[in-house]
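Going down the list, the protein sequences come from chains Z and B. The numbering used here applies: residue 886 is where the first sequence begins, and numbers increase by one. The numbering used here applies: residue 9 is where the second sequence begins, and numbers increase by one. Built from N, CA and C at the ideal position, the CB exists for glycine as well. Here is the structure we will look at, set down as structure tokens.
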Amino acid sequence: MSFKAFKRALWVYHLNTGSCNGCDIEILAVLTPRYDAERFGIMLVGSPRHADVLLVTGPVGRQMVPRLKRIYEQAPDPKMVIAIGSCGLEGGVFHESYNLAGPIDQHIPVDVYVPGCPPRPEAIIEAVVKAWVKLEKVEQGVS
Amino acid sequence: MLISEFGFAFWNPIIWLIAFIVVMAIAYLFRSRGQKQYKKDTAQTKIFLCGEEVPEAEQQHIRAHNVYWGFFETLKGYYDKVMKPHTGIVNDYMIWFIAIIAIIAIIFFIVGQV
């Protein structure tokens, strides 16, 4: 039995797979005083082993594929993956680039998609809430 | 009871011990409520190295005495070849010594004849 209060405090690991940093800046904006997601216990952590949710940005360069898969495998179950930005969804402005290995969901299962170039912080917060709802359903199914 | 006072501060080992036990109990409580669904012997229990593959245990650390690690790493091709003859066995070194002496003697003999 774990603390119920902690179940809603999602810990998030942010992985950049080759993003232009636009989405990453918006993710950081979620943590700034204007939006302040940390007041709900949603915070960025430095290791996927501590994370409930993986926030993945970028169009996935070829060199990033094994790293992306390894980081996904290292996150404990149950876990959610949120693909942030158009690049992660379908390549975005880089979609014809020779050194891309395709969208994120070709390599790891994605639970929530957030389109936008970059998406607004409100959209990212809504995605985290959707991931939290799905995570709760998964946990109820597990236990 | 052993109590030391230093102005406003004081030191009491019993109170310190009780505080230590309370803190440890709280820490244990939090730890016991942690994630238990780790899958053993999978990537979930491996060291996180920014997504990189974790190297073998003996390659994880550069030993403090090895200040020439950069040279060895850069000149790996050279050192791999040179380090093979350096077996550390005295007999091998004596064979090398005698062989080199013999080669030099032959060279001196030939040069002396000329």
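For glutamate 13 of chain B, the enclosing beta strand (DSSP E) stretches over residues 12-14. For the region 956-967 of chain Z, the set of residues with a beta-carbon nearer than 7 Å to any beta-carbon of chain B comprises Ile956, Glu958, Gln959, Pro961 and Asp962, in chain order. The alpha-carbon of glutamine 52 of chain B is positioned some 44 Å away from that of tryptophan 19 of chain B.
Neighbours of arginine 934 of chain Z in chain B, taken as residues whose beta carbon is under 8 Å from its own, are Gln52 and Phe56 in chain order. Taking a beta-carbon distance threshold of 7 Å, arginine 952 of chain Z counts as an interface residue toward chain B. The C-alpha of lysine 1022 of chain Z lies about 13 Å from the C-alpha of aspartate 962 of chain Z. DSSP places alanine 922 of chain Z in the helix class (H, G or I) of the three-state scheme.
The beta-carbon of tyrosine 46 of chain B is placed less than 7 Å from the nearest beta-carbon of chain Z.
In the three-state DSSP reduction, isoleucine 993 of chain Z falls in the coil class, being neither helix nor strand. Two segments are said to touch when three or more pairs of C-beta atoms, one from each, lie closer than 8 Å; by this definition the region 25-32 of chain B does not touch the region 989-1005 of chain Z.
In this structure, asparagine 901 of chain Z sits near glycine 943 of chain Z, with a CB-CB distance shorter than 7 Å.
If you ignore the 5 residues before and after alanine 894 of chain Z, its C-beta comes within less than 6 Å of the C-beta of Gly926, all in its own chain and listed in chain order. Boundaries for valine 122 of chain B: no alpha helix (DSSP H) harbours it, and the DSSP string shows neither H nor E there. Histidine 899 of chain Z counts as buried, since at least 16 other C-beta atoms from the protein chains shown sit within 10 angstroms of its C-beta. The C-alpha of lysine 89 of chain B is placed about 24 Å away from the C-alpha of proline 63 of chain B.
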